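A.B. asks: Quick note on the numbering used here: the sequence shown kicks off at -8 and runs consecutively. No residue lacks a Cβ here, since even glycine has one placed at the ideal position from N, Cα and C. What you are looking at is a predicted structure, and each value in this text was computed from that prediction instead of being measured. Structure provided below as structure tokens; questions to follow.
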Amino acid sequence: MKLFPEHFLWGGAIAANQVEGAWREGGKGLSTSDVLPEGLFGRLDERGSDNEYLKDVAIDFYHRYPQDIALFAEMGFTCLRLSIAWSRIFPRGDEAAPNEAGLAYYDAIFAELAKHRIQPVVTLSHYEMPWALVKEYGGWGNRQVITFFLHYARTVFQRYRHQVRLWLTFNEINMSLHAPLTGVGIPMESSPGEIYQAIHHQLVASSLTVKTCHEMIPGARIGNMLLGGLQYPLSSKPADVMAAMEANRHWLFFGDVQVRGEYPGYMQRYFRDNAIELHITDEDRDALRHGVDFVSFSYYMSGCASAEPEKYLQQRGNILNMIPNPHLSASEWGWQIDPQGLRILLNLLWDRYQKPLFIVENGLGARDQLTAEGQVNDDYRISYLNDHLQQVREALDDGVDIMGYTSWGPIDLVSASKGELSKRYGFIYVDRHDDGTGTLQRYRKKSFGWYQSVIASRGAVL
Ligand code: BG6
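Okay, structure coming up:
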């Protein structure tokens, strides 16, 4: 049995807006996440009222991070993927000077991680941006936002250059096609042309951020982050195979630009066929050439594509709308479970990019029951993760260069799509519920000990 490489990074992944809470503390400004309290597709509340939402407190990581990080260390984490809330550093997004309290908060987090020898993997933008940039500037639809973002990136690179060596630009950058308000800060009902123009600005910002990171932090590595929306042809009909190729290109396009540094020919055709005319300057083209050092991605499920999609029942998956695969079962939220798909995806990305890969999200959202003895017997989660990690090992054996694995939500957190807490991913149970009740106390689930043994044995127990 092959062991995982010694240098393989093991850990978990969280996002500021899903764990921190403290949405108005430390001088933080309002973010897109704060005005979408019921999730990516939920209604907008600009917070003029006294309404309180789950995310306002979330799991109170803002105050409880020492205890939570100690639990991660107990599991043997060698890395933690987390995000910085842009609106803690620049509350409105357009200020010249950063908010010192926000910077100090992440100083403390990184110091705590260092104490436990856990390496931070930092996402600069995970599903949120300062709301003022949306309201007053029109979000990423406005190219001025590139400048604001670069100012933010430079600020945190400068401040944390000795603490953080691994960076990611935009979380699930392809998600903007489905949730443009969260992704690029433009209205949900924007036209494809408007969405792609905003995406273009974000891609330029991503590349310039890569360049800036290399200039400011020699030796640091910076990657992109894709929602790995793997799709199979629903049948062997060539038209279905073509539909799957196109569906995959829909998201691979982002990786193609971020790795290869230019718009692929198939995308230019797509723009022509759909009468989309993007404003792309020569400077933009130059800027795009700065490719990422590694490719990171999330993987939860796969789906199918058909030349006649309207014939099949559509389900809302992880933001994507994919046709269910008749050969797979699904989670309670309809996400189809496909461990082998992870090996396929790893090989596909490696063959396409020849860049190191980092699995920065994977996991099972489920309803857990805390017993009277304070236990959670989450064998279903162990089985999901075990089967996926076995496939990671297979991919390593296939020769794929994989830097590490961070499971999504190692501690229960607020769901991104629905803003709920009943969909739990953690190895650590948090006593908080959709109605806001609960003590916020933490409990080790059965999977806690299991993941600990996986890390300690470098995968031998899988
Ligand atoms: C990814 C996001 O889409 O999937 C996370 O990067 C999110 O922020 C995760 O939480 C799981 O989705 P959900 O909707 O179950 O929270």
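Please classify ASN309 as buried or exposed, where buried requires at least 16 other C-beta atoms within 10 Å of its C-beta.
C.D. replies: The count along the sequence shown starts at 1 and reaches residue 309 at position 318. Legend: pLDDT at ASN309 = 44, less than 50; position of this residue unreliable, no value from coordinates given.
A.B. asks: Classify ASP359: buried if its beta carbon has 16 or more other beta carbons within 10 angstroms, exposed otherwise.
C.D. replies: Position 368 of the sequence shown, counted from the start, is the residue given in the question as residue 359. With 16 or more Cβ atoms within 10 Å of its Cβ, ASP359 is classed as buried.
A.B. asks: Return yes when the Cβ of ASN316 is within less than 9 Å of the Cβ of LEU333, no when it is not.
C.D. replies: As a first step, residue 333 must be located in the sequence shown, where it is residue number 342. As a first step, residue 316 must be located in the sequence shown, where it is residue number 325. Cβ distance not < 9 Å, so LEU333 and ASN316 don't count as in contact.
A.B. asks: Taking only the alpha-carbon atoms, compute the straight-line gap between SER287 and TYR375 and give it to the nearest angstrom.
C.D. replies: As a working mapping, residue 287 is identified with position 296 in the sequence shown. As a working mapping, residue 375 is identified with position 384 in the sequence shown. Going from the Cα of SER287 to the Cα of TYR375 covers about 20 Å.
A.B. asks: With distance defined between alpha-carbon atoms, name the residue in LEU31, SER297, GLY130, GLU364 nearest to LEU225.
C.D. replies: Numbered from 1 along the sequence shown, position 234 holds the residue referred to as residue 225. Ranking LEU31, SER297, GLY130, GLU364 by Cα distance to LEU225 puts SER297 first.
A.B. asks: Which of the three DSSP states is assigned to THR138 in this structure?
C.D. replies: Counting from one through the sequence shown, the residue named residue 138 turns up at place 147. It is helical.
A.B. asks: For the region 248 to 294, list the alpha helix (DSSP H) runs that are entirely contained and at least 4 residues long, ordered along the chain.
C.D. replies: 256 to 264, 273 to 279
A.B. asks: Quick check on the DSSP output: what are the complete alpha helix (DSSP H) runs of length 4 or more inside the region 77 to 112, in order along the chain?
C.D. replies: Qualifying alpha helix (DSSP H) stretches, in chain order: 77 to 80, 91 to 106.
A.B. asks: With a cut-off of 8 Å, do at least 3 Cβ pairs link the region 81 to 89 to the region 60 to 69?
C.D. replies: no
A.B. asks: Can you tell me whether LEU(-6) is buried or exposed, with buried defined as 16 or more other CB within 10 angstroms of its CB?
C.D. replies: For the purposes of this step, residue -6 is taken as the residue at position 3 of the sequence shown. With fewer than 16 Cβ atoms within 10 Å of its Cβ, LEU(-6) is classed as exposed.
A.B. asks: Can you tell me whether LEU453 is buried or exposed, with buried defined as 16 or more other CB within 10 angstroms of its CB?
C.D. replies: The residue labelled residue 453 in the question sits at position 462 within the sequence shown. So LEU453 ends up on the buried side.
A.B. asks: To the nearest angstrom, report how far apart TYR424 and LEU412 are at their CA atoms.
C.D. replies: Within the sequence shown, residue 424 is the residue found at index 433, counting from 1. Within the sequence shown, residue 412 is the residue found at index 421, counting from 1. A small fix is needed here, since residue 424 is His in this sequence, not Tyr. Roughly 6 Å separates the two Cα atoms.
A.B. asks: Can you tell me whether TYR187 is helix, strand or coil according to DSSP?
C.D. replies: Indexing the sequence shown from 1 puts residue 187 at position 196. The three-state secondary structure of TYR187, taken from DSSP, is helix.
A.B. asks: Please say whether TYR118 and GLY174 have beta carbons closer to each other than 9 Å?
C.D. replies: Here residue 174 corresponds to residue number 183 of the sequence shown, with the count starting at 1. Here residue 118 corresponds to residue number 127 of the sequence shown, with the count starting at 1. Yes, the pair counts as a contact, with Cβ atoms nearer than the cut-off.
A.B. asks: Taking 8 Å as the cut-off, is the C-beta of GLN193 nearer than that to any heavy atom in the ligand BG6?
C.D. replies: As a working mapping, residue 193 is identified with position 202 in the sequence shown. Checking the Cβ of GLN193 against the ligand BG6 gives no.
A.B. asks: Does the beta carbon of SER408 fall short of 8 Å from some heavy atom of the ligand BG6?
C.D. replies: Sequence index remark: in the sequence shown, residue 408 carries index 417 (1-based). Yes, the beta carbon of SER408 sits closer than 8 Å to at least one heavy atom of the ligand BG6.
A.B. asks: May I have the straight-line CA-CA distance separating SER438 from GLY417, to the nearest angstrom?
C.D. replies: Translated into the one-based positions of the sequence shown, residue 438 becomes position 447. Translated into the one-based positions of the sequence shown, residue 417 becomes position 426. Taking the straight line joining both Cα atoms gives about 8 Å.
A.B. asks: For ALA102, is the classification buried or exposed, using 16 other Cβ atoms within 10 angstroms of its Cβ as the cut-off for buried?
C.D. replies: Your numbering for residue 102 matches position 111 in the sequence shown. Answer is exposed; the Cβ neighbour count stays below 16.
A.B. asks: Tell me whether MET236 counts as near the ligand BG6, meaning its Cβ is closer than 8 Å to at least one heavy atom of that ligand.
C.D. replies: Stepping through the sequence shown from its first residue, residue 236 is reached at position 245. No - the ligand BG6 has no heavy atom lying nearer than 8 Å to the Cβ of MET236.
A.B. asks: Going by CA-CA distance only, name the one from TYR291, ILE314, VAL155, LEU194 that's closest to ALA234.
C.D. replies: Position 243 of the sequence shown holds residue 234. The shortest C-alpha separation from ALA234 is found at ILE314.
A.B. asks: Which one or two residues does DSSP pair with THR397 in a beta bridge?
C.D. replies: As a working mapping, residue 397 is identified with position 406 in the sequence shown. Answer by DSSP bridge pairing, in chain order: GLY2.
A.B. asks: Tell me where the alpha helix (DSSP H) around MET66 begins and ends.
C.D. replies: Numbered from 1 along the sequence shown, position 75 holds the residue referred to as residue 66. From DSSP, the alpha helix (DSSP H) with MET66 extends over 52 to 66.
A.B. asks: Alpha carbon to alpha carbon, what distance is there between GLN327 and ARG307?
C.D. replies: Counting from one through the sequence shown, the residue named residue 307 turns up at place 316. Counting from one through the sequence shown, the residue named residue 327 turns up at place 336. Model confidence at ARG307 stands at a pLDDT of 48, short of 50, so the residue's coordinates are unreliable; what they give is reported in the following sentence. Their backbone Cα atoms lie some 11 Å apart in a straight line.
A.B. asks: Within 8 Å: the Cβ of LEU94 and any heavy atom of the ligand BG6?
C.D. replies: Sequence index remark: in the sequence shown, residue 94 carries index 103 (1-based). Every heavy atom of the ligand BG6 is 8 Å or more from the Cβ of LEU94, so no.
A.B. asks: Just how far apart, CA to CA, sit GLU(-3) and ARG449?
C.D. replies: Within the sequence shown, residue -3 is the residue found at index 6, counting from 1. Within the sequence shown, residue 449 is the residue found at index 458, counting from 1. The straight-line gap from Cα to Cα measures roughly 8 Å.
A.B. asks: VAL26 lies in the beta strand (DSSP E); which residues open and close that run?
C.D. replies: By one-based count along the sequence shown, residue 26 stands at place 35. Segment 23 to 26 is the alpha helix (DSSP H) holding VAL26; no beta strand (DSSP E) there.
A.B. asks: With a 10 Å radius around its C-beta and 16 neighbouring C-beta atoms as the bar for buried, classify LYS228 as buried or exposed.
C.D. replies: On the sequence shown, position 237 is the one that residue 228 refers to. Burial call: exposed.
A.B. asks: Where does TYR344 sit, in a helix, a strand or coil, going by DSSP?
C.D. replies: What you label residue 344 is simply residue 353 of the sequence shown in a count that begins at 1. Looking at TYR344 - three-state DSSP - the assignment turns out to be helix.
A.B. asks: The beta strand (DSSP E) with TRP158 in it runs from where to where?
C.D. replies: Translated into positions along the sequence shown, residue 158 becomes position 167. Unbroken beta strand (DSSP E) run through TRP158: 157 to 161.
A.B. asks: Out of ASN215, CYS70, GLU301, ILE335, which one is the CA nearest neighbour of MET292?
C.D. replies: Taking the first residue of the sequence shown as 1, we reach residue 292 at position 301. The residue with the shortest Cα to Cα distance from MET292 is ILE335.
A.B. asks: Who are the Cβ neighbours of GLN443 in its own chain at under 6 Å, not counting the five residues just before and after it?
C.D. replies: Numbered from 1 along the sequence shown, position 452 holds the residue referred to as residue 443. Answer for GLN443: MET66, GLY67, listed in chain order.
A.B. asks: Closer than 8 Å: is that where the CB of HIS379 sits relative to any heavy atom of the ligand BG6?
C.D. replies: The sequence position of residue 379 within the sequence shown is 388, counting from 1. Incorrect: HIS379 has no Cβ contact closer than 8 Å to the ligand BG6.
A.B. asks: Looking at LEU194: is its Cβ nearer than 9 Å to the Cβ of VAL248?
C.D. replies: The sequence position of residue 194 within the sequence shown is 203, counting from 1. The sequence position of residue 248 within the sequence shown is 257, counting from 1. In contact: LEU194 and VAL248 (Cβ atoms closer than 9 Å).
A.B. asks: Measure the Cβ-Cβ separation of CYS70 and ILE100 and say whether it is below 9 Å.
C.D. replies: Start at 1 with the first residue of the sequence shown, and residue 70 comes out as number 79. Start at 1 with the first residue of the sequence shown, and residue 100 comes out as number 109. At the C-beta level, CYS70 and ILE100 stay beyond 9 Å of one another.
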